[in-house]
Amino acid sequence: VVQNSRSSILTADNIRLCCYSICDNNSYLNSDRLPVDKMLALLESNFSSDRVAAPGYSLAIVEGREGARLNHSHERQFLFAKQSLLLWRAITNDMFRLWYLSEQDLLSPSSPYVLKNTGQGLQRVQASPRTYKAMHQILQDAQREVDQWIGSSMIHMGDHNVPNSLSLIDKYNQVARILSPVVRTLERLQGLVSEDKAIGLMVKHKYGGVDKLQMDILHDFFRSAFDGSGADNFYDAGSCIDGRLTSAWNWCSHLPDKPFFPLFKLCGFNGFDGDFD
Numbered sequence: 001v002v003q004n005s006r007s008s009i010l011t012a013d014n015i016r017l018c019c020y021s022i023c024d025n026n027s028y029l030n031s032d033r034l035p036v037d038k039m040l041a042l043l044e045s046n047f048s049s050d051r052v053a054a055p056g057y058s059l060a061i062v063e064g065r066e067g068a069r070l071n072h073s074h075e076r077q078f079l080f081a082k083q084s085l086l087l088w089r090a091i092t093n094d095m096f097r098l099w100y101l102s103e104q105d106l107l108s109p110s111s112p113y114v115l116k117n118t119g120q121g122l123q124r125v126q127a128s129p130r131t132y133k134a135m136h137q138i139l140q141d142a143q144r145e146v147d148q149w150i151g152s153s154m155i156h157m158g159d160h161n162v163p164n165s166l167s168l169i170d171k172y173n174q175v176a177r178i179l180s181p182v183v184r185t186l187e188r189l190q191g192l193v194s195e196d197k198a199i200g201l202m203v204k205h206k207y208g209g210v211d212k213l214q215m216d217i218l219h220d221f222f223r224s225a226f227d228g229s230g231a232d233n234f235y236d237a238g239s240c241i242d243g244r245l246t247s248a249w250n251w252c253s254h255l256p257d258k259p260f261f262p263l264f265k266l267c268g269f270n271g272f273d274g275d276f277d
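Read in my numbering, the sequence shown has 162 at position 162, and its numbers run on one by one without any break.
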């Protein structure tokens with residue numbers, strides 16, 4: 001490629017740099033977009049919008065119960081979770097462009113910043129018009145792919161929730177950190193019980209078997225990780241674009257209280273912000 005494409009204008013080093021950048025992007029997508037794709041596949045293969053998979057596995061949530069801040073029927077919650085995952089996939093897919101625009105916004109002399117205590121320490125609060133516009137484009141593209149968009153379309157930017165464009169980049173880089181441990185645990189459960197008879201007996205008697213345990217984990221995640229929780233008002237959480245991720249973070253913080261948490265540990269889980277392997 002280098003030999004065939006280089007010229008007096010485009011040097012060999014420039015071409016190599018482009019190739020390395022493409023490889024970096026492909027590596028990023030493989031590590032961060034793949035968990036979203038797998039979670040979407042798990043949602044669609046185990047649940048349906050028009051019917052409940054089995055008694056006790058309705059995705060319906062009621063405001064004020066089990067920490068939920070939203071009222072959704074089974075169908076509405078299925079679509080809300082699916083659309084949220086589709087949006088996260090689109091954002092992850094376009095992350096390199098968002099990162100480039102974010103740096104432009106951060107360094108722009110036309111967008112001055114102020115230091116402000118946002119409730120999470122002193123932050124650089126700054127308008128980010130380029131990144132904000134790109135996020136709206138991604139959202140609109142996602143909305144055009146569905147019949148009806150569930151929830152709010154509000155995108156926080158330059159406020160106490162998302163002080164600046166770099167905060168947004170950091171926030172959505174957490175998507176894979178949230179989903180990867182869940183996906184890996186689900187994938188490793190069958191091998192775990194096959195390799196250790198004692199664990200297999202424990203899973204059978206306490207959780208009803210591997211299949212039921214996997215369904216219980218998925219059912220809990222698709223209900224509680226998309227229930228509008230994570231803050232004490234609808235401006236900071238709820239169904240807005242950023243609030244969906246806030247709810248997922250909140251689910252992570254409550255994982256140690258879940259009945260299936262010991263299986264996460266047995267599958268190698270050691271946190272959402274560390275080396276899983």
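For glycine and all other residues, C-beta sits at the position ideal for the given N, C-alpha and C. Since we're looking at a predicted model, the values are computed, not measured.
Alpha-carbon spacing of CYS23 relative to ARG97, whole angstroms: Counting from 1 along the sequence shown, the entry for residue 23 is found at position 23. Counting from 1 along the sequence shown, the entry for residue 97 is found at position 97. Rounded to whole angstroms, CYS23 to ARG97 spans 15 Å at the Cα level.
How is GLN190 classed by DSSP in three states: helix, strand or coil? Numbered from its first residue, the sequence shown carries residue 190 at position 190. The answer is helix: DSSP assigns GLN190 an H, G or I state.
Terminal residues of the alpha helix (DSSP H) in which ARG223 lies: For the purposes of this step, residue 223 is identified with residue 223 of the sequence shown, where counting begins at 1. It spans 210-224 - the alpha helix (DSSP H) in which ARG223 sits, taken as one unbroken run.
Three or more C-beta pairs under 8 Å: does that hold for the segment 138-150 against the segment 206-226? no
Take ALA53 and list the residues in its own chain whose beta-carbon comes closer than 8 Å to its own, dropping the five residues that flank it on each side. Residue 53 sits at position 53 when you count from the first residue of the sequence shown. For ALA53, where only same-chain residues beyond five positions count, the Cβ hits under 8 Å are ASN46, PHE47, MET215.
Let me make sure I understand the geometry here. Which of PHE221, GLN120, ALA176, PHE260 has the alpha-carbon closest to that of PHE80? As a first step, residue 80 must be located in the sequence shown, where it is residue number 80. Per the Cα distances, PHE221.
DSSP state of HIS205 mapped onto helix, strand, coil: As a position in the sequence shown, residue 205 is number 205, starting the count at 1. In the structure shown, HIS205 sits in a helix (DSSP, three-state: H, G or I).
Supposed close pair GLN126, SER111 - CB separation, criterion 8 Å: Taking the sequence shown and counting its residues from 1, one reaches residue 126 at position 126. Taking the sequence shown and counting its residues from 1, one reaches residue 111 at position 111. So it is a contact: roughly 6 Å between Cβ atoms.
Under the rule that 16 or more other beta-carbon atoms within 10 Å means buried, what is PRO181, buried or exposed? Here residue 181 refers to the residue found at position 181 when the sequence shown is read from its first residue. Buried, since its Cβ has 16 or more Cβ neighbours within 10 Å.
Alpha carbons only, please: which of ILE217, SER108, LEU245 is nearest the one belonging to ASP227? Counting from 1 along the sequence shown, the entry for residue 227 is found at position 227. Out of ILE217, SER108, LEU245, LEU245 has the C-alpha closest to the C-alpha of ASP227.
Distance check for SER108 and GLY64, CA to CA, integer angstroms please. Looking up residue 64 in the sequence shown gives position 64. Looking up residue 108 in the sequence shown gives position 108. Answer to the nearest angstrom: the Cα atoms are 43 Å apart.
Thinking C-beta only, is PHE269 closer than 9 Å to ARG177? Working through the sequence shown from its first residue, we reach residue 177 at position 177. Working through the sequence shown from its first residue, we reach residue 269 at position 269. In this structure, PHE269 does not lie closer than 9 Å to ARG177 by Cβ.
Taking its Cβ as the centre, do 16 or more other Cβ atoms sit within 10 Å of ILE9, making it buried, or is it exposed? Here residue 9 is taken as the residue at index 9 of the sequence shown, counted from 1. Exposed, by the Cβ-count rule.
Looking only at C-alpha atoms, which of PHE272, SER239, LEU266 sits nearest to GLY191? By 1-based counting over the sequence shown, the position of residue 191 is 191. Ranking the options by Cα distance to GLY191, first place goes to LEU266.
Return the CA-CA distance between GLY119 and LEU179, expressed in angstroms with no decimal places. Taking the first residue of the sequence shown as 1, we reach residue 119 at position 119. Taking the first residue of the sequence shown as 1, we reach residue 179 at position 179. Straight-line Cα distance between these residues: approximately 27 Å.
C-beta contact flag for MET135 and ILE150 at 9 Å: Stepping through the sequence shown from its first residue, residue 135 is reached at position 135. Stepping through the sequence shown from its first residue, residue 150 is reached at position 150. Not closer than 9 Å, so no.
Counting C-beta neighbours from all protein chains within 10 Å, is the total for SER128 16 or more, i.e. buried, or is it exposed? Along the sequence shown, read from residue 1 onward, the residue named residue 128 stands at position 128. Looking at its Cβ environment, which holds 16 or more other Cβ atoms inside 10 Å, SER128 is buried.
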